[in-house]
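Asker: So for the sequence shown, my numbering puts the first residue at 19; every next one is plus one.
Backbone N, C-alpha and C fix where the C-beta goes; we use that ideal spot for every residue, glycine too.
I am attaching a structure below and will ask some questions about it afterwards.
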Amino acid sequence: MSQSLARGLLILNDLGEGPRTLDELAATVGVHKTTVLRLLRTMEEQRFVHRDDAHRFHLGSGLFALSGAALDQRGVRGIAAPHLARLNEATGHTVHLGVYEGGEVVYLDKYDSRHSIRMYSRVGLRMPLHATAIAKVLLADLPEARRREVAATIEYTPFTEHTITGPRDLLAELVRVAERGFAMDDAEHETFIRCLAAPVRAAGGRVVAAASISVPDIVLDRDRTLELLPELLATARAISAECGHTR
Numbered sequence: 019m020s021q022s023l024a025r026g027l028l029i030l031n032d033l034g035e036g037p038r039t040l041d042e043l044a045a046t047v048g049v050h051k052t053t054v055l056r057l058l059r060t061m062e063e064q065r066f067v068h069r070d071d072a073h074r075f076h077l078g079s080g081l082f083a084l085s086g087a088a089l090d091q092r093g094v095r096g097i098a099a100p101h102l103a104r105l106n107e108a109t110g111h112t113v114h115l116g117v118y119e120g121g122e123v124v125y126l127d128k129y130d131s132r133h134s135i136r137m138y139s140r141v142g143l144r145m146p147l148h149a150t151a152i153a154k155v156l157l158a159d160l161p162e163a164r165r166r167e168v169a170a171t172i173e174y175t176p177f178t179e180h181t182i183t184g185p186r187d188l189l190a191e192l193v194r195v196a197e198r199g200f201a202m203d204d205a206e207h208e209t210f211i212r213c214l215a216a217p218v219r220a221a222g223g224r225v226v227a228a229a230s231i232s233v234p235d236i237v238l239d240r241d242r243t244l245e246l247l248p249e250l251l252a253t254a255r256a257i258s259a260e261c262g263h264t265r
């Protein structure tokens, strides 16, 4: 990868976390401000970044079209959309679609809850591999050797007292997920949220995405959250059928 391209991508990635000053971006990239400013001016011309009146840089509108095109090119998102919308409408709870890509699990789609408590999640956001139901479903489909490789590289941040904190426990959990056909985040990422996830399979049986439903504990307790599992599994099977999978 060319040095300029690598620096430009690093700048965009940093801006994805929030507005930055020229000094902050220079510190992130590790080069002189004049070099960063030259890159920023090029990206401004293409509307990939913009500068506000306080001279802070933001992601620009040119990225909106690219992100929309990227989502449109993910066929499973379009196939899943009406099914996820119906699940969201029927339950009133937050529904997500996630995929495993480039060693990361990211949200591909989201339907917000009707309740006042909302999840901090957005399309394109990366998920912790050891603490989310969607990630567990996607990792559980990997070959065993690959699972072990991934498990060994994770930084096991303890988000709550229930978070998995080591590769041995994660690998054991992935075996259980593969056997039962769904995963649960039992207040492992956020103390007040439980999440169920189910696999979406393509024609050959490979898991290409995972659908999930998330519920605040003040809305439903653990047992009543698990009562949503049949609807979630039915939704995942319907999406899989449209992706060419036959049971």
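1) At a Cβ threshold of 8 angstroms, is Ser22 touching chain C?
2) Alpha carbon to alpha carbon, what distance is there between Arg242 and Asp32?
3) So the candidates are Ala256, Ala72, Val54; which of them puts its Cα closest to the Cα of Ala99?
4) Please tell me whether Leu192 and Leu157 are closer than 8 angstroms, where the distance is taken between their beta carbons.
5) Hey, would you say Ala229 sits closer than 8 angstroms to Leu126, going by beta carbons?
6) Taking the C-alpha atoms as reference points, what is the distance between Thr46 and Arg38?
7) Under three-state DSSP, which class holds Leu89?
8) Helix, strand or coil for Leu77 per DSSP?
9) Counting beta carbon pairs with one atom in the stretch 215–228 and one in the stretch 172–190, are three or more of them shorter than 8 angstroms?
10) The beta strand (DSSP E) that contains Glu122, what's its start and end?
11) State buried or exposed for Thr150, treating a residue as buried only when at least 16 other CB atoms are found within 10 Å of its CB.
12) So, helix, strand or coil for Leu146, using DSSP?
13) Return helix, strand or coil for Ile182, following the three-state DSSP convention.
14) Apart from the five residues on each side of it in sequence, which residues of its chain come closer than 7 angstroms, Cβ to Cβ, to Gln64?
15) Per DSSP, which one or two residues make a beta bridge with Cys213?
16) With the cut-off set at 8 angstroms, would you say Cys213 and Val94 are in Cβ contact?
Answerer: Let me spell this out:
1) The structure shown contains no chain C, having only a single protein chain.
2) By 1-based counting over the sequence shown, the position of residue 32 is 14. By 1-based counting over the sequence shown, the position of residue 242 is 224. Near 40 angstroms, if we compare the C-alpha coordinates of Arg242 and Asp32.
3) Stepping through the sequence shown from its first residue, residue 99 is reached at position 81. Cα-wise, what sits closest to Ala99 is Ala256.
4) Counted from its first residue, the sequence shown places residue 192 at position 174. Counted from its first residue, the sequence shown places residue 157 at position 139. Inclusion of Leu192 and Leu157 in the CB contact set at 8 angstroms is warranted, their separation being smaller than that value.
5) Along the sequence shown, one-based indexing puts residue 229 at 211. Along the sequence shown, one-based indexing puts residue 126 at 108. Ala229 places its beta carbon 8 angstroms or farther from that of Leu126.
6) Reading the sequence shown from its first residue, position 28 is the one you call residue 46. Reading the sequence shown from its first residue, position 20 is the one you call residue 38. Here the alpha carbon of Thr46 sits roughly 10 angstroms from the alpha carbon of Arg38.
7) Walking along the sequence shown from the start, residue 89 turns up at place 71. Residue placement at Leu89 is flagged as unreliable, the pLDDT there being 49, under the threshold of 50; a coordinate-derived value is accordingly withheld.
8) Position 59 of the sequence shown holds residue 77. In the three-state scheme derived from DSSP, where H, G and I count as helix and E and B as strand, Leu77 is classed as strand.
9) Contact between the stretch 172–190 and the stretch 215–228 is absent, because fewer than three Cβ pairs lie under 8 angstroms.
10) Along the sequence shown, one-based indexing puts residue 122 at 104. That run of the beta strand (DSSP E) goes 122–129.
11) Translated into positions along the sequence shown, residue 150 becomes position 132. With 16 or more other Cβ atoms within 10 Å, it is buried.
12) Working through the sequence shown from its first residue, we reach residue 146 at position 128. In the sequence as displayed, the identity of residue 146 is Pro instead of Leu. In the structure shown, Pro146 sits in coil (DSSP, three-state: anything other than H, G, I, E or B).
13) The sequence position of residue 182 within the sequence shown is 164, counting from 1. Per DSSP, reduced to three states, the secondary structure at Ile182 is coil, with no helix or strand assignment.
14) Taking the sequence shown and counting its residues from 1, one reaches residue 64 at position 46. Excluding sequence neighbours, Gln64 sits near Gly80.
15) Along the sequence shown, read from residue 1 onward, the residue named residue 213 stands at position 195. Answer is Asp203, Ser232, bridged to Cys213.
16) Taking the first residue of the sequence shown as position 1, residue 213 is located at position 195. Taking the first residue of the sequence shown as position 1, residue 94 is located at position 76. For Cys213 and Val94, no; Cβs fall outside 8 angstroms.
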